[in-house]
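Heads up, the thing below is written out as structure tokens.
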Amino acid sequence: MTAEGHPPETSKSAVDELRSHLGTGNARPVLREIETALGALLESGRETTIDLGAIPFGPGDERMLDEVLGPGEVHATIYAMGESHVAETGVPGVWRVDHFDQRGETLSRFIEVTFCPDILKTQTADAEAGLARLTARLAAQDGHQH
Amino acid sequence: MNNPYFDLLMWARGPGFDIALTIMVGGILLRVVEILVLGRKRDLATAKGSPVGQGVKTIFTRSFPRKGLVPFAPITYIGGYIFHIGFAIAFLFLGAHIALIDGLLGLSWPAANRAIVESATALAVIALFALLYTRITDPVRRALSTFGDYLVWLLSLLPLVLGYVAVNKLFGDPTLMMALHILSAEALMVAFPFTKLMHAVTFLMARYYNGSIQGRKGAES
Amino acid sequence: MAERPVLAEALKAHGISRRGFLKYCASLTSLMALPPALAPKVAHALENAARPSVIWLSFQECTGCTESITRSHAPTIEDLIFNTVSLDYHHTLQAASGHAAEEARMKAMEEHYGKYLVIVDGSIPVGNPAYSCIAGISNLDMLKETAAGAAAIVAVGTCAAYGGIPHADPNPTGAVAVSEIIKDKPIINVPGCPPIPIVMTSVLAHFLTFGLPELDELGRPKAFFGETIHDRCYRRPFYDQGKFAEAFDDEGARLGWCLYKLGCKGPTTKSVCATVKWNDGTSFPIQSGHPCLGCTEPDFWDNGGFYKPLSMPAGDYRKLGLAAVAGGAALGVAGGAIARATKSKAAAAHETVDAHDLEKKS
Numbered sequence: 001m002t003a004e005g006h007p008p009e010t011s012k013s014a015v016d017e018l019r020s021h022l023g024t025g026n027a028r029p030v031l032r033e034i035e036t037a038l039g040a041l042l043e044s045g046r047e048t049t050i051d052l053g054a055i056p057f058g059p060g061d062e063r064m065l066d067e068v069l070g071p072g073e074v075h076a077t078i079y080a081m082g083e084s085h086v087a088e089t090g091v092p093g094v095w096r097v098d099h100f101d102q103r104g105e106t107l108s109r110f111i112e113v114t115f116c117p118d119i120l121k122t123q124t125a126d127a128e129a130g131l132a133r134l135t136a137r138l139a140a141q142d143g144h145q146h
Numbered sequence: 001m002n003n004p005y006f007d008l009l010m011w012a013r014g015p016g017f018d019i020a021l022t023i024m025v026g027g028i029l030l031r032v033v034e035i036l037v038l039g040r041k042r043d044l045a046t047a048k049g050s051p052v053g054q055g056v057k058t059i060f061t062r063s064f065p066r067k068g069l070v071p072f073a074p075i076t077y078i079g080g081y082i083f084h085i086g087f088a089i090a091f092l093f094l095g096a097h098i099a100l101i102d103g104l105l106g107l108s109w110p111a112a113n114r115a116i117v118e119s120a121t122a123l124a125v126i127a128l129f130a131l132l133y134t135r136i137t138d139p140v141r142r143a144l145s146t147f148g149d150y151l152v153w154l155l156s157l158l159p160l161v162l163g164y165v166a167v168n169k170l171f172g173d174p175t176l177m178m179a180l181h182i183l184s185a186e187a188l189m190v191a192f193p194f195t196k197l198m199h200a201v202t203f204l205m206a207r208y209y210n211g212s213i214q215g216r217k218g219a220e221s
Numbered sequence: 001m002a003e004r005p006v007l008a009e010a011l012k013a014h015g016i017s018r019r020g021f022l023k024y025c026a027s028l029t030s031l032m033a034l035p036p037a038l039a040p041k042v043a044h045a046l047e048n049a050a051r052p053s054v055i056w057l058s059f060q061e062c063t064g065c066t067e068s069i070t071r072s073h074a075p076t077i078e079d080l081i082f083n084t085v086s087l088d089y090h091h092t093l094q095a096a097s098g099h100a101a102e103e104a105r106m107k108a109m110e111e112h113y114g115k116y117l118v119i120v121d122g123s124i125p126v127g128n129p130a131y132s133c134i135a136g137i138s139n140l141d142m143l144k145e146t147a148a149g150a151a152a153i154v155a156v157g158t159c160a161a162y163g164g165i166p167h168a169d170p171n172p173t174g175a176v177a178v179s180e181i182i183k184d185k186p187i188i189n190v191p192g193c194p195p196i197p198i199v200m201t202s203v204l205a206h207f208l209t210f211g212l213p214e215l216d217e218l219g220r221p222k223a224f225f226g227e228t229i230h231d232r233c234y235r236r237p238f239y240d241q242g243k244f245a246e247a248f249d250d251e252g253a254r255l256g257w258c259l260y261k262l263g264c265k266g267p268t269t270k271s272v273c274a275t276v277k278w279n280d281g282t283s284f285p286i287q288s289g290h291p292c293l294g295c296t297e298p299d300f301w302d303n304g305g306f307y308k309p310l311s312m313p314a315g316d317y318r319k320l321g322l323a324a325v326a327g328g329a330a331l332g333v334a335g336g337a338i339a340r341a342t343k344s345k346a347a348a349a350h351e352t353v354d355a356h357d358l359e360k361k362s
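So the sequence lines, in the order shown, correspond to chains A, B and C. Residue numbering for the first sequence is 1 to 146, as defined by the working numbering. Residue numbering for the second sequence is 1 to 221, as defined by the working numbering. Residue numbering for the third sequence is 1 to 362, as defined by the working numbering.
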């Protein structure tokens, strides 16, 4: 066992392979919840966020979730106070949003059922700051030219 | 501010255990010494066989049922084995229990996987209920049963069930359930010398005694 | 003191984007065990939270709690939240001292009467209040006086929450927890020796946004003290497999096996140490190879020894065991003697009957 808490080297391979299938049985209900949420999104536009940190999830559950949803078309990385991985799954409208801190430790993990996760959109406050920055940069440019 | 459940657990670990251990150890010694001091009259006849050999042999041979008796009382025999083996595994191979024994006697051995311990516990509990069923439904056994027998049944059941509940957090506050588990085991310890639970010690003496009498007479036991 | 939102400006000044803030709010919502749909509300509430006046009282303590909360290495939003409160009195941190400091406390109390937040670390001696005084005012008087106008009290650290180390047997100063003295104000207990910084700031954030968090029977926020360390411990699989370290330097310890037999109090200790961890998520005691001491629980100092397994008796059972052996043997001899006497008496009283006698009777 290392300080990071990996299982001992000796019991790798077969045991780990077996362990990666062990689940709590929570993946199925979560997938059903996603199904219902996606239906609601199409019907009424209602968005849903599921906090994966709030549900006991084993490696097997994670595996089942990934297998059923599959990889999708969009994969974005946000660099704000550490990385955030935002990816559309193979089921369009269902997104995985995983937040990490500056050290790469997981902060929180969500499933978002939406047409576009909010965190991808430019925020008004940031756009305002951007406008000010652009104006300042243009002013600096003008200063150089004259 | 204090957590009453935690205080109860600490009492069970502290004064509660001390009291229970004192009564159990003192009580067992009391009973054993009492039996030994009573003594027997010297047998003046010449021994026709080895009393020691037969006595020791009987301690082990009586652990197996006599021919034909298993079909006669299957639940008593099979249930009895399952309960005793299950209880022994749960008691002797759970890590926490080994830590306790290590602390008391300085003896330690490897712990078993929780799945094994919990299966053994579940089987022992099922066996206990099967044994209770035969005790109640069989008119002869019912007539033979005393209050002490039912008390011993309950005292054997409670630590198993409460331990299982506490470890798996099935219901109730886990700290409270753990305290109750320890207290139930302490109740078992207190009752041990003064009920039929004492057989866990005296079976050795009784079997040896019976075997040695036969052995002296030159008979197989 | 200006009671206007300051977080937005503080974020801007630190170059943290709105995205970063939203990400923080989402994670904070998850950490506080609130539904994810509340994340925008958390963001809105945090941004618009008025800057509360905070009076921090340090009584019988070691300053460990203050060290903990001020020792985050990277500038995080937690620091910013903590910086947005107006810390009007903290005699360890403030530059002023003596009467000038006490004046600052009085001024804050007057200006924000009924609205300020009191944070207490350390226990209060009631055996003789003079055991611990600040500027000639006993801890007991200062707490009563300051609590009177408080909106709520946060008891930070196990000393303030449950008496802690000063309360340990034999408790020479008669130390008690805040909740033993103040009965008419909401008290949030954030125990730990010290508490995890992010837990302290999250409780503060919760108070700023949604008011009092949901508390357990020991006055602790359920979001952070709802589960035992054992339940979330990465070494739990070894416990389940029955693999235990028997000593601090054996093979089991090197392989990272369960520390139960070395006295780990994880099974009876509720805290988020195993998930949130310490030093900005670096590690926690069990990960460093040391059993949990159970510092978020009342009386953790007196719970039968840090290195005794939980299942092991806490008392001096060996002496008692010897006494029981001697006592039991003596009683057994006595019991046996009585039984023998009874037996011989019965034998002596035994009348022999022959056929002749029997015939007489019939």
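Glycine included, each C-beta is placed from N, C-alpha and C at the ideal position.
Looking only at its own chain, which residues have a Cβ that is under 7 Å from the Cβ of residue i, when we skip the five neighbours before and after it?
i                : result
Ala179 (chain B) : Tyr5, Leu8, Leu9 and Ala12
Tyr239 (chain C) : Cys258 and Tyr260
Leu69 (chain A)  : Thr89, Gly90, Val91 and Val94
Pro91 (chain B)  : A small fix is needed here, since residue 91 (chain B) is Phe in this sequence, not Pro. Excluding sequence neighbours, Phe91 (chain B) sits near His97.
Pro195 (chain C) : Cys65, Ser68, Val156 and Gly157
Met200 (chain C) : Ile69, Val156 and Val190
Closer than 8 Å by beta-carbon distance: list the chain C residues that pair up with residue i, in chain order.
i               : result
Gly27 (chain B) : Gly328
His97 (chain B) : Ser311
Specify the secondary structure class of residue i as computed by DSSP and reduced to three states.
i                : result
Thr342 (chain C) : helix
Leu192 (chain B) : Here the sequence assigns Phe to residue 192 (chain B), which means Leu is not the residue at that position. Of the three classes helix, strand and coil, the one that applies to Phe192 (chain B) here is helix, per DSSP.
His99 (chain A)  : strand
Gln287 (chain C) : coil
Ala115 (chain B) : helix
Thr135 (chain A) : helix
Trp363 (chain C) : The question about residue 363 (chain C) has no answer here: the residues shown for chain C are numbered 1 through 362.
Asp231 (chain C) : helix
Cys258 (chain C) : strand
Tyr89 (chain C)  : strand
Lys277 (chain C) : coil
Gly60 (chain A)  : helix
Phe380 (chain C) : Nothing about residue 380 (chain C) can be read from this structure; chain C reaches only from 1 to 362.
Leu107 (chain A) : strand
Val176 (chain C) : strand
Gly304 (chain C) : coil
Output needed for residue i: all residues of its chain with C-beta closer than 8 Å, excluding positions within five of it in sequence on either side, in chain order.
i                : result
Ile182 (chain B) : Leu9, Ala12, Arg13, Gly16 and Phe17
Pro71 (chain A)  : Ala87, Thr89 and Gly90
Asp43 (chain B)  : Arg216
Leu69 (chain B)  : Tyr77
Arg232 (chain C) : Val272, Ala274 and Thr275
Leu151 (chain B) : Ala191 and Thr195
Thr202 (chain B) : Arg31, Val32 and Ile35
At 9 Å on the CB atoms, spell out the chain C contacts of residue i, in chain order.
i                : result
Leu31 (chain A)  : Those do not exist, as Leu31 (chain A) stays about 17 Å from chain C at its closest Cβ, beyond 9 Å.
Arg137 (chain A) : Those do not exist, as Arg137 (chain A) stays about 16 Å from chain C at its closest Cβ, beyond 9 Å.
Arg31 (chain B)  : Gly328, Gly332 and Gly335
According to DSSP, what are the bridge partners of residue i?
i                : result
Val113 (chain A) : A:Thr48 and A:Val94
Glu88 (chain A)  : A:Trp95
Asp121 (chain C) : C:Ser58 and C:Val156
Glu83 (chain A)  : A:Tyr79
Asn189 (chain C) : C:Ala155
Ile134 (chain C) : C:Ile137
Lys270 (chain C) : C:Thr228
Tyr116 (chain C) : C:Ala150
Pro197 (chain C) : According to DSSP, Pro197 (chain C) bridges with nothing at all.
Using a Cβ-Cβ cutoff of less than 6 Å, which residues in the same chain neighbour residue i once the five nearest sequence positions on both sides are dropped?
i                : result
Ile50 (chain A)  : Ile111
Ala20 (chain B)  : Glu186, Met189 and Val190
Ser50 (chain B)  : Gly215
Met24 (chain B)  : Met189 and Phe192
Asp98 (chain A)  : His85 and Arg109
Leu31 (chain A)  : Val68
Gly289 (chain C) : none
So residue i contacts chain C; which residues on that side make the cut at Cβ distance below 7 Å?
i               : result
Glu34 (chain B) : Gly332, Gly335, Gly336 and Ala339
Contiguous alpha helix (DSSP H) assignments of at least 4 residues, all confined to the region 140 to 178 of chain B | 147 to 168
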